[in-house]
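Trainee: Heads up, the sequence shown is in numbering that gives the first Met the number 0, so the first residue is 0 and it goes up one at a time.
Backbone N, C-alpha and C fix where the C-beta goes; we use that ideal spot for every residue, glycine too.
To start, I am sharing the structure in question, which I have written as structure tokens.
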Amino acid sequence: MRMGVAPVLGVAVIGYFAYHLVHGDRGLVAWRALSERIGEVETDARQVTAERQELERRVALLRPDSLDRDMLDERVREVLNLAHPDDLVILRPQAPPPR
Numbered sequence: 000m001r002m003g004v005a006p007v008l009g010v011a012v013i014g015y016f017a018y019h020l021v022h023g024d025r026g027l028v029a030w031r032a033l034s035e036r037i038g039e040v041e042t043d044a045r046q047v048t049a050e051r052q053e054l055e056r057r058v059a060l061l062r063p064d065s066l067d068r069d070m071l072d073e074r075v076r077e078v079l080n081l082a083h084p085d086d087l088v089i090l091r092p093q094a095p096p097p098r
């Protein structure tokens with residue numbers, strides 16, 4: 000009887016570790032899901048970095064030492080809601096306010 004218990008116990012231990020190798024918290028399935036998530040986060044990080052660089056470029060154009068007159072004019076018109084008499088203004092319809 001002792002000879003029959005050892006192989007069964009060995010198979011059970013191997014099965015336990017094999018199951019957790021695939022389906023455990025740090026198993027192959029979790030590793031694959033984590034790898035996909037890392038790819039998504041890296042894509043988001045690249046997108047945010049590009050957006051930040053664009054914003055930093057626009058801010059640099061408004062600094063006193065390197066003032067860009069076109070950028071300043073654009074910001075003044077946007078903030079003060081002004082237009083030159085010769086400008087053609089096209090108004091776009093706004094979405095209705097949420098209820």
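Going residue by residue through the segment 1–57, where are the continuous beta strand (DSSP E) segments of at least 3 residues, counting only ones entirely within it?
Mentor: Correct list: empty.
Trainee: By DSSP, does residue 88 sit in helix, in strand, or in coil?
Mentor: Position 89 of the sequence shown, counted from the first residue, corresponds to residue 88. Residue 88: coil per DSSP, three-state reduction.
Trainee: Measure the Cβ-Cβ separation of residue 82 and residue 88 and say whether it is below 8 Å.
Mentor: Translated into the one-based positions of the sequence shown, residue 82 becomes position 83. Translated into the one-based positions of the sequence shown, residue 88 becomes position 89. Cβ distance < 8 Å, so residue 82 and residue 88 count as in contact.
Trainee: Please state the DSSP three-state secondary structure of residue 102.
Mentor: A question about residue 102 goes unanswered here, because the residues of the chain that appear run from 0 up to 98.
Trainee: Within the same chain, show all residues whose beta-carbon is closer than 8 Å to that of residue 69, passing over the 5 residues directly before and after it, in chain order.
Mentor: Mapped onto the sequence shown, residue 69 falls at position 70. Hits under 8 Å: none found.
Trainee: Residue 18 to residue 40, Cα distance in whole Å?
Mentor: As a first step, residue 18 must be located in the sequence shown, where it is residue number 19. As a first step, residue 40 must be located in the sequence shown, where it is residue number 41. Rounded to the nearest angstrom, the two C-alpha atoms are 29 Å apart.
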